[in-house]
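Taken in order, these protein sequences are the chains called F, Z and X. Using the working numbering, read the first sequence as starting at 18 and increasing by one per residue. Using the working numbering, read the second sequence as starting at 18 and increasing by one per residue. Using the working numbering, read the third sequence as starting at 18 and increasing by one per residue. Step one of this worksheet: look at the structure below.
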Amino acid sequence: MSTPPSERLRELGIELPPPPSPKGAYAPVARSGTLAWVSGQIVFENGAVVRPGTVDHDVPAPVASELVRRATLQALSALSAELGGLESIRRAVRLGVFVAVSEGFHREHEVANGGSELLLAVFGEAGRASRTTVGVAGLPLRAPVEVELLVETA
Amino acid sequence: MSTPPSERLRELGIELPPPPSPKGAYAPVARSGTLAWVSGQIVFENGAVVRPGTVDHDVPAPVASELVRRATLQALSALSAELGGLESIRRAVRLGVFVAVSEGFHREHEVANGGSELLLAVFGEAGRASRTTVGVAGLPLRAPVEVELLVETA
Amino acid sequence: MSTPPSERLRELGIELPPPPSPKGAYAPVARSGTLAWVSGQIVFENGAVVRPGTVDHDVPAPVASELVRRATLQALSALSAELGGLESIRRAVRLGVFVAVSEGFHREHEVANGGSELLLAVFGEAGRASRTTVGVAGLPLRAPVEVELLVETA
Numbered sequence: 018m019s020t021p022p023s024e025r026l027r028e029l030g031i032e033l034p035p036p037p038s039p040k041g042a043y044a045p046v047a048r049s050g051t052l053a054w055v056s057g058q059i060v061f062e063n064g065a066v067v068r069p070g071t072v073d074h075d076v077p078a079p080v081a082s083e084l085v086r087r088a089t090l091q092a093l094s095a096l097s098a099e100l101g102g103l104e105s106i107r108r109a110v111r112l113g114v115f116v117a118v119s120e121g122f123h124r125e126h127e128v129a130n131g132g133s134e135l136l137l138a139v140f141g142e143a144g145r146a147s148r149t150t151v152g153v154a155g156l157p158l159r160a161p162v163e164v165e166l167l168v169e170t171a
Numbered sequence: 018m019s020t021p022p023s024e025r026l027r028e029l030g031i032e033l034p035p036p037p038s039p040k041g042a043y044a045p046v047a048r049s050g051t052l053a054w055v056s057g058q059i060v061f062e063n064g065a066v067v068r069p070g071t072v073d074h075d076v077p078a079p080v081a082s083e084l085v086r087r088a089t090l091q092a093l094s095a096l097s098a099e100l101g102g103l104e105s106i107r108r109a110v111r112l113g114v115f116v117a118v119s120e121g122f123h124r125e126h127e128v129a130n131g132g133s134e135l136l137l138a139v140f141g142e143a144g145r146a147s148r149t150t151v152g153v154a155g156l157p158l159r160a161p162v163e164v165e166l167l168v169e170t171a
Numbered sequence: 018m019s020t021p022p023s024e025r026l027r028e029l030g031i032e033l034p035p036p037p038s039p040k041g042a043y044a045p046v047a048r049s050g051t052l053a054w055v056s057g058q059i060v061f062e063n064g065a066v067v068r069p070g071t072v073d074h075d076v077p078a079p080v081a082s083e084l085v086r087r088a089t090l091q092a093l094s095a096l097s098a099e100l101g102g103l104e105s106i107r108r109a110v111r112l113g114v115f116v117a118v119s120e121g122f123h124r125e126h127e128v129a130n131g132g133s134e135l136l137l138a139v140f141g142e143a144g145r146a147s148r149t150t151v152g153v154a155g156l157p158l159r160a161p162v163e164v165e166l167l168v169e170t171a
């Protein structure tokens, strides 16, 4: 990582959203040693889930991909709040992407790319995480996508 | 953790269930360094899945939440068998909750709280794990919920 | 592990498939310390998903179990490419199995055994990982099963 992630975000014109507030008795981020697990993120705006429904019946795949990008950005915001910035992140280790699918939709991997590409843009090659993407029957509050992230810190 | 978890369980009037037996060629718990991964837990009683079906068509959400609590307790029982007690657990790191959902049910996060609240009750703030909760199309043997747990040990 | 895994594979008459190519901007394997996370694997042959559909409507359970075995073998191939062989693998830590289920199918655990049994055959008791198995609404490109693997390395 030649360019620090916070500077990279500025160059990309991206502002971190406010850190997410858990919907229950859990932590936004839990750390053990040099690993930090971010809780599953769904995208909220003004207290409501953005674009509720399934992909692609209610939410077109490109919109869902953009929501995966935003959920991943929320995960970075949670990490920034926990770590006091993004500079101590050494690499993205695992991205988990859950897509609430309509019958017949099978391009979950394209939807997930919104998150993978954000990580690459912010962290360079250190953002190239492993990834698991699946289609699910439903998500909390009818969210169309949910993203979890594991990173390594200094 | 001022109070040891085993004492906390006694205070709460909770007895650990018998450790679960894997439904296949896998381990109840696998450790690496100071991390211990517990296999996905579904709740059994007298050799049968408790309250088979989906939430909330067959199983009301509050019942499902109680089953998440019991599945999390089973995970602690598996850890206790592996570690010779719960005292070496430093913190709960990640709770994964899968809810077999009926069409139109979108309160998976409320169902998951049964597990998160148990961890807080037993471990105090060290029980505040990260969490990922999703709705799934089905679970082994028609279980309504499945719970996996990652903890840090001494 | 008395017998090295590569020799065990030869004894079993198993050849590692070519390492998988990611379907997006992610890494086949991401490492942190002595842990290595393999991305979710679906089984391809000649550029197409093998036996697309759901279990057991389109794909009988025993066939799906064999596909879990092959997906797990692909995960080992990804690890072998990353680590320069399988000899530095100390143990399998966690196997995640996602089964795209038809309505009424609830034997995901039997389907998952194809992966667990392969790990035992290749690594002996060091292959006995923890496991989480769930049924999902869909998988990328209509794959019937997806497998993710976490291992500990030297």
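Glycine included, C-beta positions come from ideal geometry on N, C-alpha and C. Fair warning: this is a prediction, and the values are worked out from it, not measured in the lab.
- The continuous stretches of alpha helix (DSSP H) do not include residue 105 of chain X, and DSSP gives it neither H nor E.
- Residue pairing by DSSP puts residue 114 of chain F in a beta bridge opposite F/150, F/164.
- Between residue 80 of chain X and residue 159 of chain X a beta carbon distance of about 14 Å is seen, past the 8 Å cut, so the two are scored as non-contacting.
- Residue-level contact check: residue 122 of chain Z touches chain F, since one or more beta carbons of chain F fall below 8 Å from its beta carbon.
- In the structure shown, the three-state DSSP call for residue 32 of chain X is coil.
- Taking 8 Å as the cut-off, the beta carbon of residue 45 of chain Z is found no closer than this to the beta carbon of residue 117 of chain Z.
- Interface with chain F (8 Å Cβ-Cβ cutoff): residue 49 of chain X is included.
- Residues of chain Z with a Cβ closer than 9 Å to the Cβ of residue 159 of chain X do not exist; the shortest Cβ-Cβ separation is about 14 Å.
- Residue 96 of chain X carries a helical assignment under DSSP once its states are collapsed to helix, strand and coil.
- Of all C-beta pairs linking the stretch 54–72 of chain X to the stretch 63–78 of chain F, fewer than three are shorter than 8 Å, placing the two stretches out of contact.
- Residue 135 of chain F and residue 26 of chain Z have their C-alpha atoms spaced approximately 44 Å apart.
- Residue 57 of chain F and residue 164 of chain F have their C-alpha atoms spaced approximately 5 Å apart.
- Within 10 angstroms of the beta-carbon of residue 112 of chain F lie 16 or more other beta-carbons, which makes it buried.
- Residue 99 of chain F places its beta carbon 8 Å or farther from that of residue 143 of chain F.
- Proximity to residue 114 of chain X across X/86, X/41, X/37, X/29 peaks at X/86, based on C-alpha coordinates.
- Of X/139, X/110, X/129, X/170, the smallest CA-CA separation from residue 152 of chain X is found for X/129.
- Interface annotation, residue 149 of chain F: in contact with chain X, CB-CB separation under 8 Å.
- Residue pairing for residue 144 of chain Z: DSSP places it in no beta bridge.
- Around the beta carbon of residue 29 of chain F, fewer than 16 other beta carbons sit within 10 angstroms, so the residue counts as exposed.
- Annotated as distal: residue 168 of chain X and residue 47 of chain Z, with beta-carbon spacing of 8 Å or more.
- In terms of CA proximity to residue 20 of chain Z, Z/141 leads the group Z/162, Z/141, Z/150, Z/170.
- Residue 24 of chain F sits exposed, since fewer than 16 C-beta atoms from the chains shown fall within 10 Å of its C-beta.
- Below the 7 Å Cβ cutoff, chain Z contributes no neighbours of residue 146 of chain F, its closest Cβ being approximately 15 Å away.
- Under the 10 Å beta carbon count, residue 71 of chain Z is surrounded by 16 or more other beta carbons and is classified as buried.
- In the three-state scheme derived from DSSP, where H, G and I count as helix and E and B as strand, residue 133 of chain X is classed as helix.
- The beta strand (DSSP E) runs lying completely inside the stretch 29–79 of chain Z and spanning 3 residues or more are 46–49, 52–58, given in chain order.
- Of all alpha-carbon atoms in Z/171, Z/78, Z/89, Z/119, the one lying nearest the alpha-carbon of residue 127 of chain Z is that of Z/78.
- Around residue 108 of chain X, the same chain offers 143, 169 as residues with beta carbons nearer than 6 Å, after the five sequence neighbours per side are excluded.
- Listed along chain X, no residue sits closer than 8 Å to residue 67 of chain Z by beta-carbon distance, the nearest being about 14 Å off.
- Around residue 56 of chain Z, the beta-carbon contacts reaching into chain X at under 7 Å are 147, 148, 149.
- Residues of the stretch 59–89 of chain Z with a Cβ closer than 7 Å to any Cβ of chain X: none.
- The CB of residue 133 of chain Z comes closer than 8 Å to the CB of 41, 42, 43 in chain F, given here in chain order.
- In the DSSP assignment, residue 170 of chain X forms a beta bridge with X/106.
- By the rule that beta-carbons nearer than 8 Å mark a contact, residue 165 of chain F touches chain Z.
- At a cut-off of 8 Å between beta-carbon atoms, residue 30 of chain X makes no contact with chain Z.
- With respect to the C-alpha of residue 69 of chain Z, the residue from Z/123, Z/171, Z/34, Z/119 having the closest C-alpha is Z/119.
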